[in-house]
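Asker:
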Amino acid sequence: MDTMAADVLVDSTTNNSNVSHPRTLTLPKDWDEKPRLKFPKFTTEERYKMMSLHLNKGWFAFDFLRGFLFFVQPYDIPTDLLVDAVENRISTSKLISESMHVEAAFLVLVGMCCVLACIIPGVELWFACRPIREDYKPSQHPSVLAFLLTILVFILGSCMVTMIICNEVVAVGIEKLPMTVETALQDLKDYHADTTSQLRKCLTRSLDVTSEAILADLDNVEELLGEPVQAELSTETGLDVALDALVDLGNATQELSAKTESLLREGERAHELGLELSRETNKIRRDLEGAVRACSGPDRSLCAVIDSSGIRLDLRIERLLRDDRILRLRSTSRENLTEAGRQARGEYLHVQHHIARTTLDARNRR
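If you count by full-length UniProt numbering, then the sequence shown holds residues 1 to 366, one letter each, in order.
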């Protein structure tokens with residue numbers, strides 16, 4: 001790569017397995033400080049020779065026709081109307097009315113040309129061929145006829161002088177034509193050479209600079225894409241706060257599950273002790289009942305005071321041990337909510353690395 005690309009991009013090696021191209025030190029915050037891409041500039045040289053002929057300083061005899069032609073030249077000729085006129089599918093009056101919408105100045109010019117080409121010569125021919133009457137008398141105003149004849153001769157003379165001048169101008173132009181064509185061809189050759197040089201020096205090197213910048217951006221996908229995505233997730237959804245709360249909830253649930261497990265173990269132990277105590281209580285009650293039955297006559301009134309039916313131990317710990325809510329609290333530790341929350345929080349914190357890994361194959365195909 002040429003030195004221009006080296007000035008733009010500063011490569012540094014890295015041991016990150018997700019990077020397939022030498023990583024750059026270009027950061028998004030640097031883009032606002034100064035431009036990172038410096039494209040090559042090409043200085044154009046004024047080597048064209050056409051301007052040295054100074055053709056624009058010459059006198060053009062037909063320069064006045066430019067404005068006239070600009071005024072009378074039609075710009076929109078409907079081809080469908082011409083086809084209908086040629087195939088006689090439209091009347092003359094309709095053709096004229098439709099033609100008025102094309103160009104009025106052009107139609108006026110065509111009409112004047114028709115008058116000059118047909119009507120005036122026809123009238124002159126009619127006057128020339130008309131037989132002289134017997135009572136013909138010469139004009140009483142010969143000066144008027146002489147004036148008109150003078151004007152006609154002047155017009156014809158002006159036309160002849162104009163034709164001579166035009167011929168001289170055309171001759172001078174024809175003399176300059178070979179040199180002008182040769183100069184134009186040489187300028188065209190120089191233009192082609194300059195264009196080729198510009199394409200080679202500017203476009204190719206600019207593409208190199210741009211491709212290196214694109215490769216650098218692809219290698220910095222963690223900073224350019226991963227971190228903005230993470231920031232947008234945090235700003236738009238508050239995912240970081242939710243994940244922290246989820247981790248705290250998982251820890252609290254784990255602690256509550258452990259306490260519930262301990263409570264159930266103590267409850268089972270209390271249940272076993274209660275069963276043993278219930279058996280001892282039943283044994284004492286049976287002994288009292290046997291003693292009451294064994295009382296002799298004098299002691300029977302005293303034994304009647306003893307009521308062994310009230311000696312009964314009823315511990316309802318089974319309902320506590322079989323409660324669905326407590327069992328669900330104990331099972332939350334098996335579902336490992338804390339680990340799931342930590343995994344989700346880790347994926348959020350390393351979303352830029354995840355983007356770099358998932359886009360590695362696509363970036364390697366460049």
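The C-beta atom is built at its ideal place from N, Cα and C for all residues, glycine as well. Just so it is clear, the structure is predicted and the values come from calculations on it, not from any experiment.
Using the beta-carbon count (16 or more within 10 Å), is VAL221 buried or exposed?
Answerer: For the purposes of this step, residue 221 is taken as the residue at position 221 of the sequence shown. Buried, because 16 or more other Cβ atoms sit within 10 Å of the Cβ of VAL221.
Asker: In terms of residue numbering, what span does the alpha helix (DSSP H) encompassing THR359 cover?
Answerer: Taking the first residue of the sequence shown as 1, we reach residue 359 at position 359. Run containing THR359: none; DSSP gives neither H nor E here.
Asker: Output the boundary residues of the alpha helix (DSSP H) element that contains PRO228.
Answerer: On the sequence shown, residue 228 is found 228 positions in, with the first residue counted as 1. Residues 227–237.
Asker: Give the secondary structure of HIS21 by DSSP, where H, G and I count as helix, E and B as strand, and everything else as coil.
Answerer: Position 21 of the sequence shown, counting from 1, holds the residue named residue 21. Below a pLDDT of 50, predicted positions are generally treated as unreliable, and HIS21, at 40, falls in that range; the measurement from the model is reported next regardless. Three-state DSSP puts HIS21 in coil, outside helix and strand.
Asker: Please determine, among LEU243, GLU232 and SER257, the residue with the shortest C-alpha to C-alpha distance to ARG342.
Answerer: Along the sequence shown, read from residue 1 onward, the residue named residue 342 stands at position 342. Among LEU243, GLU232 and SER257, the Cα nearest to that of ARG342 is on LEU243.
Asker: At the level of alpha carbons, what is the spacing between LYS34 and TYR348?
Answerer: Counting from 1 along the sequence shown, the entry for residue 34 is found at position 34. Counting from 1 along the sequence shown, the entry for residue 348 is found at position 348. Only weak support is given to the placement of LYS34: the predicted model assigns it a pLDDT of 48, under 50, and the question is left unresolved by the model.
Asker: Using the beta-carbon count (16 or more within 10 Å), is ALA356 buried or exposed?
Answerer: As a working note, residue 356 is residue 356 in the sequence shown. When all chains shown are included, ALA356 counts as buried.
Asker: Near LYS184, which residues of its chain fall below 8 Å by C-beta distance, leaving aside the five closest residues on each side in sequence?
Answerer: On the sequence shown, position 184 is the one that residue 184 refers to. Per the sequence shown, the amino acid found at residue 184 is Ala instead of Lys. Contacts found: MET50.
Asker: Out of curiosity, what's the CA-to-CA distance linking LEU188 and ARG66?
Answerer: Here residue 188 refers to the residue found at position 188 when the sequence shown is read from its first residue. Here residue 66 refers to the residue found at position 66 when the sequence shown is read from its first residue. Between LEU188 and ARG66, the C-alpha separation is close to 27 Å.
Asker: My parser needs the alpha helix (DSSP H) runs of 4 or more residues fully inside the region 168–222; what are they?
Answerer: Taking only runs of at least 4 residues, the alpha helix (DSSP H) segments lying wholly in the region 168–222 are 204–219.
Asker: By the DSSP assignment, the alpha helix (DSSP H) with ILE120 in it spans what residues?
Answerer: If you number the sequence shown from 1, residue 120 lands on position 120. Note, ILE120: alpha helix (DSSP H), 120–129.
Asker: If you run the structure through DSSP and keep just helix, strand and coil, what is ASN56?
Answerer: For the purposes of this step, residue 56 is identified with residue 56 of the sequence shown, where counting begins at 1. DSSP places ASN56 in helix when its eight states are reduced to three.
Asker: Just verifying my parser: in three-state terms, what is the DSSP assignment at ALA294?
Answerer: Here residue 294 is taken as the residue at index 294 of the sequence shown, counted from 1. The answer is coil: DSSP assigns ALA294 none of H, G, I, E or B.
Asker: Could you tell me the distance, in whole angstroms, from the CA atom of THR195 to the CA atom of SER211?
Answerer: On the sequence shown, residue 195 is found 195 positions in, with the first residue counted as 1. On the sequence shown, residue 211 is found 211 positions in, with the first residue counted as 1. Distance between the alpha carbons of THR195 and SER211: 22 Å.
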